[in-house]
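S.K.: Residue numbers (UniProt numbering): 1 to 184. The C-beta atom is built at its ideal place from N, Cα and C for all residues, glycine as well. Encoded as structure tokens, here's the structure I'll be asking about.
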């Protein structure tokens, strides 16, 4: 992996949509190179532009992610209750704006009904199988959660277990979780 984007080494975020609600969970580890700088960061946040609740989790550079979250809030204020439209508008700006193009982060966002991954490549992806994961341990968490989706476990239990598995495998992921759930 390129050293140009060290922010990728430092988090796992998962979104699980099941049983009428969506859960987003993220670990708390922040790494700089091979050093753990902080173990209790909050990379999952609830935003409420205009009283419209959205939960977002981010992977990548923290400052870049906060910039994107602020932009998403602005887009949601302009299009209340329309997460898909706001996400597409954010992705378009991210792809075309010279300043935003340099931002190195990814987002998972939900309003309790829709679940999207937003990337700097202009993608707004609705995940298959109602599970999305990003970050250095994302593939481990995704595989674990997908394996549990047909079980009788609820979304939060699936997210927590998948994150525990990712933390056991990925050295850039820890077990200190922030979990937010939301339903429509």
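(1) Terminal residues of the continuous beta strand (DSSP E) containing residue 18?
(2) Where does residue 19 land, buried or exposed, given buried means 16+ other C-beta within 10 angstroms?
(3) Whose C-beta lies closer than 6 Å to the C-beta of residue 119 among residues of the same chain, with five residues either side of it excluded?
(4) Taking only the alpha-carbon atoms, compute the straight-line gap between residue 123 and residue 92 and give it to the nearest angstrom.
(5) Give me the Cα-Cα distance between residue 46 and residue 109, rounded to the nearest whole angstrom.
(6) For residue 117, tell me which candidate among 62, 135, 164 and 34 has the shortest Cα-Cα distance.
(7) Please identify the residue among 64, 76 and 72 whose C-alpha is closest to the C-alpha of residue 52.
(8) Flag this pair as yes or no: are the beta carbons of residue 64 and residue 113 separated by less than 8 Å?
(9) Which same chain residues, not among the five before or five after residue 81, have their C-beta less than 7 Å away from its C-beta?
(10) State the beta-bridge partners of residue 38 as determined by DSSP.
(11) Write down every uninterrupted run of the beta strand (DSSP E) in the region 132-177 whose length is 3 residues or greater and which is fully enclosed by it, in chain order.
(12) Please classify residue 181: does DSSP put it in a helix, a strand, or coil?
M.R.: The structure says:
(1) Taken as a continuous stretch (DSSP letters only), the beta strand (DSSP E) holding residue 18 covers 12-18.
(2) It counts as exposed.
(3) Within the same chain, residue 119 has close Cβ partners 106.
(4) 9 Å
(5) 10 Å
(6) From the listed residues 62, 135, 164 and 34, the smallest Cα separation to residue 117 is found for 135.
(7) 76
(8) Taking the C-beta atoms as reference points, residue 113 is found no nearer than 8 Å to residue 64.
(9) 52
(10) 30
(11) Within the region 132-177, no complete beta strand (DSSP E) run reaches 3 residues.
(12) Residue 181 sits in a strand when the DSSP states are folded into three classes.
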